[in-house]
Amino acid sequence: MLAVCIFTAGAMVTLPVESFTLAWVHSIEKVRWEEDYRIVGSQLEAVTARIKGSAAGMEPPAGAVLKDGWWHYRPALTRHDELRLTRSAFTADYQLCTAGTCRSLAEIAPQAEGVTRLAACDPLTTAPRPASR
6 MLAVCIFTAG AMVTLPVESF TLAWVHSIEK VRWEEDYRIV GSQLEAVTAR IKGSAAGMEP
66 PAGAVLKDGW WHYRPALTRH DELRLTRSAF TADYQLCTAG TCRSLAEIAP QAEGVTRLAA
126 CDPLTTAPRP ASR
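Going by our numbering, the sequence shown opens with residue 6, and the numbers climb by one from there.
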């Protein structure tokens, strides 16, 4: 079974999923970004990404294709041991989307000062999955 664990300063939540979308709105330019991930072994793999428009300093990467108002591309860095998300009470929270439904990360894991970490984990032990060798 596959799962993603969400670690905050005071809590840990396990979501039994094989894939998910991480979405957010840029705090200054108010442009939505979305990244699709799947769990591969002990890592999170970025499969595809989209940006709803562009703005100063937020240009889509080379090779991105504009389709229906979104710039679609494959991230250059695809494998991650964990994602580190800085959350703030002064900006909109990240959204985590699974099975076609998006929820703010605050609905899933309490918003805490500092960094929230997402990692592939074993849902039975809630420990990060051991690295593949």
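Backbone N, C-alpha and C define an ideal beta-carbon position, used for all residues, glycine too.
With a 10 Å radius around the Cβ and a threshold of 16 neighbouring Cβ atoms, T91 comes out exposed. Nearest neighbour of T106 by Cα position, chosen from F25, G15, A14, turns out to be F25. With a cutoff of 7 Å on beta-carbon distance, R43 and R89 are scored as not near each other. Cβ-Cβ separation between R55 and W76: approximately 7 Å, consistent with a contact (criterion under 8 Å).
Membership of A111 in the alpha helix (DSSP H) is indicated by the continuous run 110-113.
A residue is called buried once 16 or more other Cβ atoms fall within 10 Å of its Cβ, and D98 is buried on that count.
Annotation for I56: the continuous beta strand (DSSP E) segment containing it runs 48-56. Residues of the same chain with a CB within less than 6 Å of the CB of T83, apart from the 5 flanking positions on each side, are E50, A51 in chain order. Here the C-alpha atom of M63 lies approximately 17 Å from the C-alpha atom of K72. CA-to-CA, the gap between E39 and C126 works out to about 22 Å.
Separation of E23 and V9 (C-alpha to C-alpha, rounded to the nearest whole angstrom) is 8 Å.
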